[in-house]
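*Asks:* Below you'll find the structure I mean.
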Amino acid sequence: MTGSDDRILEFLSETGAGHNLRGIQNNFEEQGDSISYTTLKRRVPKLEDADLVYVISGEGQYYAITEKGERYLQGEADLRDEPEPNA
Numbered sequence: 001m002t003g004s005d006d007r008i009l010e011f012l013s014e015t016g017a018g019h020n021l022r023g024i025q026n027n028f029e030e031q032g033d034s035i036s037y038t039t040l041k042r043r044v045p046k047l048e049d050a051d052l053v054y055v056i057s058g059e060g061q062y063y064a065i066t067e068k069g070e071r072y073l074q075g076e077a078d079l080r081d082e083p084e085p086n087a
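So the sequence shown is numbered by the UniProt record's numbering: it starts at 1 and just counts up by one.
Structure (structure tokens):
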């Protein structure tokens, strides 16, 4: 996990909605955060592989946080024993 991962998960948790990568990046820019689209393109699929986010069914790729992602943010899920997918 990286600091960017935590910020992505926190954003998805706070909004409670699904967002595509460009939407996430636009929101970070609006807030003055410096997570680039390239970073999102690299990290969000890893979060999906770790079952921390999922793609909402439907047209396009909109990501939302999973229950496991919420537990991680609350300190209830320990990911240290799990290998990082495609590190």
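Beta carbons: idealized from backbone N, C-alpha and C, even for Gly.
Please report the straight-line C-alpha distance between Arg-43 and Ile-8, rounded to a whole angstrom.
*Replies:* For this step, residue 43 is matched to residue 43 along the sequence shown. For this step, residue 8 is matched to residue 8 along the sequence shown. C-alpha separation (whole angstroms): 9 Å.
*Asks:* With the cut-off set at 8 Å, would you say Ser-4 and Leu-73 are in Cβ contact?
*Replies:* Taking the sequence shown and counting its residues from 1, the one referred to as residue 4 is at position 4. Taking the sequence shown and counting its residues from 1, the one referred to as residue 73 is at position 73. For Ser-4 and Leu-73, no; Cβs fall outside 8 Å.
*Asks:* Just grab the DSSP bridge partners of Ile-65 for me.
*Replies:* For the purposes of this step, residue 65 is identified with residue 65 of the sequence shown, where counting begins at 1. In the DSSP output, where bridge partners are listed per residue, Ile-65 has Val-53.
*Asks:* Between which residues of its own chain and Glu-70 is the CB-CB distance below 7 Å, once the five residues before and five after are set aside?
*Replies:* On the sequence shown, residue 70 is found 70 positions in, with the first residue counted as 1. Excluding residues within five positions, the ones whose Cβ falls inside 7 Å are Ser-13.
*Asks:* Considering only residues of the same chain and omitting the five flanking positions on each side of Ser-34, which have a CB-CB separation below 8 Å?
*Replies:* The residue you call residue 34 lines up with position 34 of the sequence shown. Only Phe-28 meet the Cβ criterion.
*Asks:* For Ala-64 and Lys-41, what's the separation of their Cα atoms in angstroms?
*Replies:* For the purposes of this step, residue 64 is taken as residue 64 along the sequence shown, with counting starting at 1. For the purposes of this step, residue 41 is taken as residue 41 along the sequence shown, with counting starting at 1. Their backbone Cα atoms lie some 15 Å apart in a straight line.
*Asks:* With distance defined between alpha-carbon atoms, name the residue in Lys-46, Thr-2 and Asn-20 nearest to Ile-56.
*Replies:* Looking up residue 56 in the sequence shown gives position 56. For the residues Lys-46, Thr-2 and Asn-20, the minimum Cα distance to Ile-56 belongs to Asn-20.
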